[in-house]
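What follows is a set of notes on a single structure, which appears directly below.
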Amino acid sequence: MPIETIRVKNYRLFQDMSVTHLPNMAVLLGANGSGKSTFFDIFSFLQETLENNVRSALQRRGGFREVVTRGHETESIQFEIQLRMEITGRNRLVTYVLTIGQDGNRPVVEREILRYKRGTSGSPFHFLDFSRGKGYAITNEEDFHKTDGELLREDQTLDSPDLLAIKGLGQFRRFKAANAFRSLIENWHVSDFHISAARNKVDAGVAEHLSRHGDNLALVAQHLHENHPDIFALILSKMRDRVPGVERVEAASTSDGYVVLRFQDGRFQDPFSSRFVSDGTIKMFAYLVLLHDPKPHPLMAIEEPENQLYPQLLLELAEEFRSYAQRGGQAFISTHSPDFLNGVRLEEIFLLRKQNGVSSMARLADSSLLTSLVKVGDLPGAMWKQGLFDGIAP
């Protein structure tokens, strides 16, 4: 269910940003302050509005006036996302539009639309359409043979005008498009990985997917070891190849009800607690656990994965991200590393440039010069260091 198009208006640095034909793996480059973190925050913001409401998501970022693009405080914030997803057994090109404004000093959902074409031709049909807490959703979407007038509209009023309709209606299966889209957003993984959190012991329990901060790493490792031993064995094999001395990793239960990670160095008899291994070792293990998840997230976003890792490992890491994306989990990555970029294809690279206080996004493969240089063997990271990427510094 990859995102194909993103359009953003008046969200921080993105006064009017549009990018189309996004690949399953997209790598973002840009100078500091050019908008890479803002791009990732789009997905965090949408997740938080779904989990709570628009007001709380804005408050976490300082309020509407701190989030809206400077000089456009009287205008609305708008997100438009177009993606492929299965609804009622058919693969659809779905468009979701969310417009946020203010009513006095109170943020409100000015418009929320979920639309897609019922057939191969014609205009997209609105299967969900809400404004300021009131609207409708279609309940018999599978009846594609019916005319527009025969589709069943159910009018609804939400508890508050700052709530998303996909939050309220998406919990009910009769609203199939809202239900599918809500589930999609809930399963996005926007990483904010903290090595210190990943080192900690955790209460015994069950966790199938790595959390945003990585604080359940030991539980996910235990789950893979017990339920997916072939995947866990592959992770250990890659750890042995990439981290000198690591022979085994285990998630061990303690007598006081915790689970801790332990790393076995082949030169020593007893394993080490994760508190005593390097940052790079913890991070590499966490990435391997995340990227070998048996059920990939529909979208994964990670900033600067090269930090704490040896440069020679980055080509392999780039290939791991691509493999993850090919299994069904779209990957958005930002980087400041030419070494990592050497493992990335030109059509996967996007540049963020900031001019006059606002940022735009462009595809490197649209440059005929860069495309011709790659064809004769030049690597993207090397071209970046030579200053061939106009508008950003390496």
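Counting in my numbering, the sequence shown runs from 27 upward without gaps. Backbone N, C-alpha and C define an ideal beta-carbon position, used for all residues, glycine too. On a predicted model such as this, the values are computed, not experimentally measured, just so you know.
Own chain partners of residue i with C-beta closer than 6 Å, once the 5 adjacent residues on each side are dropped
i, result
"residue 56", "62, 378, 418"
"residue 46", "31"
"residue 421", "Any question about residue 421 goes unanswered here, given that the chain covers just 27 to 420."
"residue 181", "162"
Exposure label - residue i; buried when at least 16 CB within 10 Å
i, result
"residue 352", "exposed"
"residue 460", "The structure shown does not extend to residue 460, since the chain is modelled only from 27 through 420, so no value can be given for it."
"residue 324", "buried"
"residue 141", "buried"
"residue 372", "buried"
"residue 332", "buried"
"residue 259", "exposed"
"residue 384", "buried"
"residue 108", "buried"
"residue 267", "exposed"
"residue 60", "buried"
"residue 381", "exposed"
"residue 403", "exposed"
"residue 395", "exposed"
"residue 401", "exposed"
"residue 77", "exposed"
"residue 194", "buried"
"residue 120", "buried"
Identity of the residue in the options nearest residue i by Cα
i, options, result
"residue 179", "331, 186, 151, 193", "151"
"residue 44", "119, 52, 33", "33"
"residue 276", "287, 268, 53", "287"
"residue 116", "271, 202, 85", "202"
"residue 282", "29, 131, 228, 69", "228"
"residue 138", "110, 131, 104", "104"
"residue 322", "214, 231, 400", "214"
"residue 129", "154, 101, 252, 121", "101"
"residue 52", "164, 185, 376", "376"
"residue 254", "154, 318, 388", "318"
"residue 73", "186, 389, 238", "238"
"residue 122", "106, 329, 112", "106"
"residue 88", "66, 49, 38", "38"
"residue 58", "388, 398, 390, 361", "361"
Contacting residues, own chain, Cβ-Cβ under 8 Å from residue i (five flanking each side not counted)
i, result
"residue 274", "262, 289, 290, 297"
"residue 408", "364, 368"
"residue 98", "36, 41"
"residue 136", "102, 125, 126, 127, 157, 158"
"residue 306", "269, 334, 335, 336"
"residue 235", "215, 246, 319, 321, 323"
Sequence-distant residues of the same chain with beta carbon closer than 7 Å to residue i, five excluded per side
i, result
"residue 337", "365"
"residue 240", "219, 220, 223, 224, 312"
"residue 416", "none"
"residue 183", "159, 160"
"residue 340", "332, 363, 365, 366, 369"
"residue 133", "80, 81, 84, 90, 126, 188"
"residue 405", "368"
"residue 70", "216"
Extent of the continuous beta strand (DSSP E) run through residue i
i, result
"residue 181", "179-183"
"residue 195", "Where residue 195 is concerned, there is no enclosing beta strand (DSSP E), given that its DSSP letter is neither H nor E."
"residue 369", "Segment: none, residue 369 is in no beta strand (DSSP E) and carries neither H nor E."
"residue 123", "116-129"
"residue 212", "Note, residue 212: premise wrong, no beta strand (DSSP E); alpha helix (DSSP H) at 202-212."
"residue 42", "40-45"
"residue 273", "272-279"
Residue i at chain B interface by Cβ criterion, 9 Å
i, result
"residue 251", "Looking at the structure shown, chain B is missing, and only one protein chain is on hand."
Residues that residue i bridges to, as DSSP identifies them
i, result
"residue 155", "139, 162"
"residue 387", "378"
"residue 325", "356"
"residue 110", "119"
"residue 215", "326"
"residue 51", "357"
Residue i: first and last residue of the uninterrupted alpha helix (DSSP H) it sits in
i, result
"residue 59", "It is not in any alpha helix (DSSP H) - residue 59 carries neither H nor E in the DSSP assignment."
"residue 79", "Careful: residue 79 lies outside any alpha helix (DSSP H) and carries neither H nor E."
"residue 287", "Premise fails: residue 287 lies in the beta strand (DSSP E), 284-291, not in any alpha helix (DSSP H)."
"residue 37", "Note, residue 37: premise wrong, no alpha helix (DSSP H); beta strand (DSSP E) at 29-37."
"residue 230", "It is not in any alpha helix (DSSP H) - residue 230 carries neither H nor E in the DSSP assignment."
"residue 256", "255-268"
"residue 90", "90-93"
Residue i beta carbon near the ligand MN (any heavy atom closer than 8 Å)
i, result
"residue 395", "Questions concerning the ligand MN fall outside what the structure shown contains, since it holds no ligand whatsoever."
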